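In our numbering, the protein residues as written are 2 to 188. All C-beta atoms in this analysis are idealised placements derived from N, C-alpha and C, irrespective of residue type, glycine included. Source: prediction; values computed, not measured. Read through the structure below, which is laid out as structure tokens, and then see the notes.
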């Protein structure tokens, strides 16, 4: 009589997957190697900024305000040198993350249980987190719950590519997987 012994010890595989999770970070957002215009728009809107008006900028803003038919006090930018243009913070990355992380964490915990049981790989969990957070950030942009655009901005954008009244959605490029990306980084 022959006896066959089958070794179903999955512990080494599971430990490898857990080690990979421990060495991995999922990054989601707009990255430094992307289109510089998108990166600039994303950074300025995520954190807000103040721009000091120079003489050259003042002349441009006055000329452009006149082209758009905007008077002072009605959206026209007739500013003094040294005054500041304030672009408000429109945090779409941090807010998108904050609004979705509890649900993403709950679902990720289910996948983690599968990893620990040997039914799923670390890559599945990491990819899930990246895809879900990417979607949440894009949805946050599309929802458009931000400080409104200045009348000058609305008028400028209305003449170029759209209505201009929805912040971060002028061309729609920012609210896409081509702009909001995710990646897995090994530590």
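Would you call the CB atoms of residue i and residue j closer than 8 Å?
| i | j | result |
| --- | --- | --- |
| residue 183 | residue 126 | no |
| residue 47 | residue 94 | yes |
| residue 39 | residue 180 | yes |
| residue 27 | residue 130 | yes |
| residue 122 | residue 18 | yes |
| residue 100 | residue 148 | no |
| residue 132 | residue 176 | no |
| residue 52 | residue 12 | no |
So the candidates are the options; which of them puts its Cα closest to the Cα of residue i?
| i | options | result |
| --- | --- | --- |
| residue 82 | 174, 54, 102 and 104 | 54 |
| residue 58 | 68, 79 and 114 | 79 |
| residue 72 | 3, 178, 152 and 103 | 152 |
| residue 16 | 118, 30, 112 and 69 | 118 |
| residue 97 | 128, 185, 144 and 49 | 144 |
| residue 174 | 43, 9 and 159 | 43 |
| residue 23 | 139, 155, 166 and 124 | 124 |
| residue 220 | 14, 3, 12 and 21 | Here the chain comprises residues numbered 2 to 188, so residue 220 is not present and cannot be evaluated. |
| residue 49 | 90, 142 and 29 | 90 |
| residue 68 | 84, 41, 92 and 157 | 157 |
| residue 178 | 142, 155 and 159 | 142 |
| residue 56 | 84, 166 and 111 | 84 |
| residue 155 | 33, 77, 14 and 37 | 77 |
What does DSSP give as the partner residue(s) for residue i in the beta ladder?
| i | result |
| --- | --- |
| residue 25 | 187 |
| residue 72 | Partner(s): none; residue 72 has no beta bridge. |
| residue 173 | In the DSSP output, where bridge partners are listed per residue, residue 173 has none listed. |
| residue 30 | 182 |
| residue 53 | 85 |
| residue 77 | 73 |
Taking its Cβ as the centre, do 16 or more other Cβ atoms sit within 10 Å of residue i, making it buried, or is it exposed?
| i | result |
| --- | --- |
| residue 146 | exposed |
| residue 74 | exposed |
| residue 116 | buried |
| residue 70 | exposed |
| residue 236 | Here the chain covers residues 2 to 188 and nothing more, so residue 236 does not appear. |
| residue 29 | buried |
| residue 150 | buried |
Between residue i and chain B, is any beta-carbon pair separated by less than 8 Å?
| i | result |
| --- | --- |
| residue 40 | No chain B appears in this structure, which consists of one protein chain only. |
Would you say the beta carbon of residue i comes nearer than 7 Å to a heavy atom of the ligand MG?
| i | result |
| --- | --- |
| residue 33 | With respect to the ligand MG, the structure offers nothing, as it holds no ligand at all. |
Exercise for review: Check whether the stretch 63-73 touches the stretch 169-178, taking contact to mean three or more Cβ pairs, one atom from each stretch, closer than 8 Å.
Suggested key: no
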